[in-house]
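Take a look at the structure set out below.
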Amino acid sequence: MFFTRIGNRFVYTLKLDSKEEATELISKTGLFTIPDKKLAIFGDKVTNSQFKFTATKDDEIGYNINISHLSRKIDMQIPKCIKYDASAYTLEGLLIDIDYHPLKPFDVGNFRGNDLVKKNKKDMEYIIKGLWA
Amino acid sequence: MGITNTTQLLEDIDSARYKVIDIASAFTTASPEVRSAAETVSTKILDGLTTFEVMGGKLSPESLYKPLSSELESSEKPSELLKIHSLINEYEQRLTNALNYFDDEIAKETEMTLFQRIVFEFDYIGSLSDNFYDANTALQVALFSQNTKTFCREQIGALKEVLDLMKGDIKMFDTTLEKIWDILRKHFSLAGPLAETSCEKESSAMISGISGAGVTYTIVSGNVSGAGTAGIPGHTVTASCDMASCTEESRTKETSNKVSSIE
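Chains A and B are the protein sequences, given in the same order.
Per my numbering, the very first residue in the first sequence carries number 263; after that it's consecutive.
Per my numbering, the very first residue in the second sequence carries number 149; after that it's consecutive.
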């Protein structure tokens with residue numbers, strides 16, 4: 263018996279004040295650069311960037327990576343008597359979304375979810391740290 | 149096959165899988181009377197796709213649980229599952245060596261002696277499933293039964309097969325445990341200390357055969373009674389014997405011994 267698909271997805275958000283801050287942070291990763299000559303075709307500065315790619319490791323593990331500016335709204339209809347605190351909710355910021363997925367089937371008997379998530383969490387921290395190193 | 153080709157192939161299989169599901173559902177919606185036939189056919193196709201996918205190779209636990217960077221590897225405690233996996237790989241090599249040196253008796257037996265440490269290594273790993281511990285106990289009893297004998301090629305092959313089963317299912321489902329027991333039972337004596345004892349109800353037994361490792365006896369006023377557990381769970385034998393009614397000779401050699409219960 264084996265699993266044909268396993269994996270997990272990590273979504274990190276960093277609270278920022280503006281879209282420009284997010285764009286600057288993304289450009290600082292060095293993963294996304296548009297040569298001035300090419301940019302000149304469209305305009306003179308990038309105000310919102312997003313990049314998405316899939317990377318595979320040894321033909322066995324795949325990562326879908328999406329780094330972008332995040333902009334959300336809170337739109338809730340709740341009774342007036344209820345107070346809520348949404349200060350921890352990120353309305354504006356940077357989104358790092360990494361979807362980890364092995365490309366090959368895996369034996370059910372050797373699968374331990376907690377071990378995998380624990381290991382992946384460490385890996386994600388390492389990846390994210392590496393983005394701005 | 150290159151990276152892109154394999155990835156593309158896996159994506160194609162995935163897309164074929166969704167197409168099969170879509171077509172089958174379209175069929176059943178259009179004509180409900182063919183629902184059962186459509187489901188059977190689509191299930192067969194999906195099973196075929198999965199088999200094809202597995203033929204491309206399975207992911208090893210090393211690839212799944214190994215940290216992304218070697219820096220993390222050194223700072224992190226390795227996953228227990230990975231630890232077991234690498235232990236099995238390490239000791240499996242002993243068996244391979246033993247088969248390679250089979251004609252050189254001393255080298256072969258040295259490798260087999262080194263292999264036997266595996267059961268104690270497993271004992272030191274915590275939080276394994278009960279079934280895995282049971283399989284390890286069976287392996288321990290099998291190796292113990294071979295203590296004074298040399299290993300034949302088939303027995304080494306059987307041990308390799310057992311390790312392969314353990315490696316493929318470290319969580320150990322009941323079916324895997326049963327397979328391991330079957331293999332070991334076929335090539336080794338799993339009766340442990342009861343190996344030379346007939347455990348049939350109301351039958352006679354050798355006291356010397358029963359009193360082995362794991363079985364304790366006490367003599368109180370000429371009566372012998374005792375209970376013990378053989379290496380395999382579910383084989384508990386409680387035996388009692390009235391020594392007062394035995395002759396001196398039979399007390400040391402063969403004594404009529406009633407097995408009061410076998411669980």
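We put the CB at the ideal spot given by N, CA and C, even for glycine.
Residues sharing a beta bridge with Asn270 of chain A, DSSP:
DSSP output for Asn270 of chain A lists A:Tyr362 as bridge partner(s).
- [ ] Please state if the CB of Tyr351 of chain A and the CB of Ile329 of chain A are separated by a distance shorter than 8 Å.
- [x] Taking 8 Å as the Cβ cut-off, Ile329 of chain A and Tyr351 of chain A do not qualify as a contacting pair.
Val215 of chain B: contacting residues in chain A (beta-carbon distance under 7 Å)
Note that residue 215 of chain B corresponds to Pro in the displayed sequence, not to Val. Below the 7 Å Cβ cutoff, chain A contributes Lys381, Lys384, Asp385 as neighbours of Pro215 of chain B, in chain order.
From B:Arg183, B:Phe175, B:Ser211, B:Asp322, residue whose alpha carbon lies closest to that of Cys277 of chain B: Looking at the sequence provided, one finds Ser at residue 277 of chain B rather than Cys. Measuring C-alpha to C-alpha distances from Ser277 of chain B to each of B:Arg183, B:Phe175, B:Ser211, B:Asp322 identifies B:Asp322 as the nearest.
_Which residue marks the beginning of the beta strand (DSSP E) containing Ser330 of chain A, and which one marks its end?_
Looking at the DSSP string, the run of the beta strand (DSSP E) that includes Ser330 of chain A is 323 to 333.
Check this for me: beta carbons of Pro215 of chain B and His233 of chain B, under 8 Å apart or not? Going by C-beta atoms, Pro215 of chain B is not nearer than 8 Å to His233 of chain B.
Does any C-beta atom of chain B lie closer than 8 Å to the C-beta of Lys281 of chain A? Judged by the 8 Å Cβ criterion, Lys281 of chain A is not in contact with chain B.
Contact belief for Lys315 of chain B with Ile236 of chain B at Cβ below 8 Å, rounded distance in angstroms
For Lys315 of chain B against Ile236 of chain B, the beta-carbon gap comes to about 5 Å, under 8 Å, which counts as contact.
>> If you reduce the DSSP assignment to three classes, tell me which class Lys319 of chain B lands in.
In response: Residue state for Lys319 of chain B is assigned as coil, using DSSP reduced to three classes.
Notebook entry, point to check: Taking the continuous beta strand (DSSP E) assigned at Pro316 of chain A, which residues delimit it?
Noted result: The question names Pro, but residue 316 of chain A is Thr in the sequence shown. Where Thr316 of chain A is concerned, the enclosing beta strand (DSSP E) stretches over 312 to 319.
Rounded straight-line distance, which links the Cα of Met338 of chain A to that of Ile171 of chain B = Going by the C-alpha atoms only, they are around 40 Å apart.
- Message: Run through the DSSP bridge pairs and tell me what Thr275 of chain A is partnered with.
- Response: Thr275 of chain A pairs with A:Leu357.
Fill in: Residues of the region 301 to 322 of chain B whose Cβ lies closer than 7 Å to any Cβ of chain A, in chain order
Here the close residues are Gly316, Asp317, Ile318, Lys319, Met320, Phe321.
Among A:Glu282, A:Gly292, A:Glu354, A:Asp321, which residue has its Cα nearest to the Cα of Ala395 of chain A? Comparing Cα-Cα distances from Ala395 of chain A to each of A:Glu282, A:Gly292, A:Glu354, A:Asp321, the minimum goes to A:Gly292.
CB contact below 8 Å: Ile323 of chain A versus chain B:
Judged by the 8 Å Cβ criterion, Ile323 of chain A is in contact with chain B.
Leaving out five residues before and five after Glu313 of chain B in sequence, what residues of the same chain have Cβ atoms less than 7 Å from its Cβ? Correcting the residue identity first, residue 313 of chain B is Leu in this sequence and not Glu. The residues are Thr324, Lys327, Ile328.
- Query: Which residues bound the alpha helix (DSSP H) around Asp298 of chain A?
  - Reply: In the DSSP assignment, Asp298 of chain A falls within the alpha helix (DSSP H) that extends over 298 to 304.
Review point. Taking Cβ positions, are Asn310 of chain A and Thr275 of chain A nearer each other than 8 Å?
Key: Taking 8 Å as the Cβ cut-off, Asn310 of chain A and Thr275 of chain A do not qualify as a contacting pair.
Open item on the list: Let me see if you follow: with CB-CB separation under 8 Å, is Lys206 of chain B close to chain A or not?
Closed with: For Lys206 of chain B, the answer is yes, since a Cβ of chain A falls inside 8 Å of its Cβ.
query = What distance in whole Å lies between the Cβ atoms of Asp369 of chain A and Asp282 of chain B, which are believed to be in contact at a cut-off of 8 Å?
reply = Actually they do not touch by this definition, with Cβ atoms about 19 Å apart.
Proximal residues to Leu357 of chain A (C-beta, below 6 Å), its chain only, five neighbours per side dropped: Taken in chain order, the residues that qualify are Thr275, Ser330, Leu332.
Beta carbon of Gly305 of chain A nearer than 8 Å to that of Asp361 of chain A: Between Gly305 of chain A and Asp361 of chain A, the C-beta gap is not smaller than 8 Å, which leaves the two residues out of contact.
Member of A:Glu283, A:Lys366, A:Pro297, A:Leu353 whose CA lies at the smallest distance from the CA of Ile323 of chain A
Considering only alpha carbons, the answer is A:Lys366.
task = Starting from the C-beta of Asn245 of chain B, find all residues in its chain whose C-beta is less than 7 Å away, skip the five residues before and the five after it, and write them out in chain order.
result = Once the five neighbours on either side are set aside, the close Cβ partners of Asn245 of chain B are Glu259.
Apply the 10 Å Cβ neighbour rule to Gln303 of chain B and answer buried if 16 or more other Cβ atoms are within range, or exposed otherwise.
-> With 16 or more Cβ atoms within 10 Å of its Cβ, Gln303 of chain B is classed as buried.
* Which residues bound the alpha helix (DSSP H) around Glu253 of chain B? -> Annotation for Glu253 of chain B: the continuous alpha helix (DSSP H) segment containing it runs 253 to 263.
Mind pulling the chain B residues with CB within less than 9 Å of Tyr388 of chain A? Listed along the chain, the chain B residues whose CB falls inside 9 Å of the CB of Tyr388 of chain A are Pro215, Leu216, Ser217, Glu219, Leu220.
Residues bridged to Phe368 of chain A [DSSP beta-bridge criterion]: DSSP output for Phe368 of chain A lists A:Phe265 as bridge partner(s).
Under 8 Å, Cβ to Cβ, is there at least one residue of chain B near Phe264 of chain A? So, interface residue.
| query | Over what stretch of residues does the alpha helix (DSSP H) that includes Leu207 of chain B continue unbroken? | reply | Run containing Leu207 of chain B: none; DSSP gives neither H nor E here.
For this session: Go ahead and pull the three-state DSSP assignment for Ile273 of chain B.
Result: Of the three classes helix, strand and coil, the one that applies to Ile273 of chain B here is coil, per DSSP.
Contacts of Ser227 of chain B in chain A (Cβ-Cβ under 9 Å): Chain-ordered, the chain A residues with CB closer than 9 Å to the CB of Ser227 of chain B read Arg374, Asp377, Leu378, Lys380, Lys381.
* For Leu338 of chain B, collect the residues of the same chain with a Cβ closer than 8 Å to its Cβ; drop the 5 residues on either side in sequence, then sort them by chain order. => Closer than 8 Å at the Cβ level, and outside the excluded window around Leu338 of chain B, lie Ala286, Val289, Ala290, Ser293, Trp329, Leu332, Gly379, Ile380.
Q.
I want to see whether chain C comes within less than 8 Å of Thr198 of chain B, judged by CB atoms only; does it?
A. No chain C is present in this structure, whose protein chains are A and B.
Short of 7 Å in beta carbon distance, which residues of its chain neighbour Glu240 of chain B, apart from the five on each side in sequence? Order them along the chain. Taking C-beta separations shorter than 7 Å and ignoring five residues to either side along the sequence, the partners of Glu240 of chain B in its chain run Lys308, Leu311, following chain order.
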